[in-house]
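Numbering (my numbering), first residue to last: 314 to 452.
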């Protein structure tokens, strides 16, 4: 998906704008994403150079592992970002984009770790861990 897009946290203290292509939405079912959000995560991604973040003083980063961190608003608690320490891309929670987002779903990752209270039956590709093109933190 190409173009300019914007979004924010629930309270608006953190806002962002992206330029250029965004990856299709990937649903992550790993235990860290489920514990942080209460369900699975739906995220796209952007190159670091193609995102501007306003309200960085309200953005808190949590080092969820040795290889990645998670960004959220310290005022309202909205989960906004996931960032691999060694990559020049940033994952952005799909639900944080203003409408119309123009996003579309691509796949499910870490389906072997999904919650036991729901089924994945949307016909999208499913991966036990991750896809070959998406570098993630090992749990």
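Don't be surprised by glycine CBs; every beta carbon is placed ideally from N, CA and C.
Residue 346 - containing alpha helix (DSSP H), residue span | 344 to 350
Can you tell me where the beta strand (DSSP E) with residue 273 in it begins and where it stops?
-> This structure cannot speak to residue 273, because the chain is shown only from 314 to 452.
> Would residue 387 be called buried (16 or more neighbouring beta carbons within 10 Å of its own) or exposed?
Replying inline: exposed
**Report entry** residue 330 to residue 431 span [Cα, whole Å]
**Finding:** 33 angstroms
_I'd like the list of long-range same chain contacts for residue 406, defined as Cβ closer than 6 angstroms, with 5 residues on each side in sequence excluded._
356, 392, 393
Exercise. Comparing alpha-carbon positions, which option in 318, 362, 340 lies nearest residue 403?
Worked result: 362
(request) Assign residue 452 to one of three DSSP states: helix, strand, or coil. (result) Its pLDDT being 47, under 50, residue 452 is placed unreliably by the model, and the measurement read from it follows with that caveat. If DSSP states are grouped into helix, strand and coil, residue 452 belongs with coil.
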